[in-house]
Amino acid sequence: MSRRLYTLFLCLAMLFPNIAKAQDFNIFAKQRVVIADIIDMNDRPLSDAIKSVVRTNIIEECTNSDDFEVYEVNMDDIRQQIIADGQTPSFANICKAIGSSADYINFTSIKASASTIGSRNVTIFITCSLYRIGTASEILVHSEEAEPNSEAISAATSNLVAKLIGTKPKTSARKYKAYVIDARVRR
Amino acid sequence: MLLVALFALVSTTVSAQFYKPKRVAITEVVDKSGEMAEGTKTFIRSALTDAITNSEGYVGFATICFVSLEVDFDKTGNISSSTLTYVEKQEGDYILVSEVTPLDKRTVLLNARIVSVSDGKIVSSSSVRTVADIDCLRSACNQLCFKLVGAI
Chain A
1 MSRRLYTLFL CLAMLFPNIA KAQDFNIFAK QRVVIADIID MNDRPLSDAI
51 KSVVRTNIIE ECTNSDDFEV YEVNMDDIRQ QIIADGQTPS FANICKAIGS
101 SADYINFTSI KASASTIGSR NVTIFITCSL YRIGTASEIL VHSEEAEPNS
151 EAISAATSNL VAKLIGTKPK TSARKYKAYV IDARVRR
Chain B
188 MLLVALFALV STTVSAQFYK PKRVAITEVV DKSGEMAEGT KTFIRSALTD
238 AITNSEGYVG FATICFVSLE VDFDKTGNIS SSTLTYVEKQ EGDYILVSEV
288 TPLDKRTVLL NARIVSVSDG KIVSSSSVRT VADIDCLRSA CNQLCFKLVG
338 AI
């Protein structure tokens, strides 16, 4: 009798994650995220190498995490399609165009404390904003500082993704709302 | 006897399905800085193709010209849904997008990601820091493919 119960319990344990995934339960399903191109907030743009290190590192960290899965979306292509349809490429329209293919969109901006990167004591501020595509609303913002070298920037982006994972909303819309308020208060 | 024959037939069919190599389209190497030599980028693409083909269960092919399919592909590395559909029609299962970023005069960061053509999901992504000479680049490409294929 106990063996039968054990077998039944084992079968249920094996089946439950698959059922949960099929039903899109957030406790098991990964959050689908699109990583947008890096936004350079400087008057004199930073080198493409820095932006490339930031973006590739964010993609790598999210892909290898247990919480996010990254989807390839060509933002320029989407913008052009929206314009071709006679609409303005606003954020709400971009979210509508991405539709159900992803849950979140990540925008990363970088800003240097001084415009001349070769000068000493330059700090680069990297800010990650996570938006929910379904409601086109910002839910999380996190920032990190780094020295202008690839090792420091890689470490800072890894910390940023860890922060996003650590504080990402898990279940209901009520929680998302709470995060929106929280993010605005922090600003 | 009949059961044994049936089992052999079923197992052969099942194993044939499992061992069908996955086809990976290797893109042109993205260089956002525009500082890398064309020869180096061509070398990286062919080294990645070799490394994927030498991985068990995978075949790399570099016959598709992604630069002609996507606007500024060599500067952005972005892939649109129409390109995914095109590669799927060419019987590709995945696309390997590689990017090279010069960090200083000698060192480069080699990054690659594998994108599933069926849904556009990035199934694995990895990067390797290496010295930009031929021997080191080949070794870095092998290392990168090992990490990428191992993560699928």
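Going line by line, the protein sequences match chains A and B.
Numbers 1 to 187, taken from my numbering, label the letters of the first sequence in order.
Numbers 188 to 339, taken from my numbering, label the letters of the second sequence in order.
Ideal Cβ placement from N, Cα and C applies to all residues, glycine included.
query: Inter-residue CB distance, N93(A) and I105(A) (contact presumed, cutoff 8 Å); result: 13 Å between Cβ atoms; not a contact.
query: Any C-beta of chain A under 8 Å from that of K228(B); result: no
query: Under 8 Å by beta carbon: chain B residues contacting D85(A); result: The contacting residues do not exist; D85(A) stays about 15 Å from chain B at best.
query: DSSP bridge partner residues for A112(A) (one or two, in chain order); result: I124(A)
query: Coil, strand or helix - M14(A) by DSSP; result: helix
query: Proximal residues to M14(A) (C-beta, below 7 Å), its chain only, five neighbours per side dropped; result: none
query: Contacts that I321(B) makes with chain A (C-beta to C-beta distance below 7 Å); result: Within chain A, no residue comes near I321(B); the closest Cβ sits about 22 Å away, beyond 7 Å.
query: Closer than 8 Å to chain C by CB, N42(A); result: Although the question refers to chain C, the structure presented lacks it and instead comprises the protein chains A and B.
query: Proximal residues to E222(B) (C-beta, below 8 Å), its chain only, five neighbours per side dropped; result: P289
query: Inside the region 200-249 of chain B only - beta strand (DSSP E) runs reaching at least 3 residues; result: 209-213 and 245-248
query: For K175(A), three-class secondary structure by DSSP; result: Interpretation of K175(A) is limited by its pLDDT of 38, a score under 50 that renders its predicted location unreliable; no figure is taken from the coordinates.
query: Candidates S47(A), A112(A) and A136(A): closest to F190(A) by CA position; result: An answer regarding residue 190(A) cannot be provided, because it is not within the stretch 1 to 187 covered by chain A.
query: Local conformation of D77(A) per DSSP, three classes; result: helix
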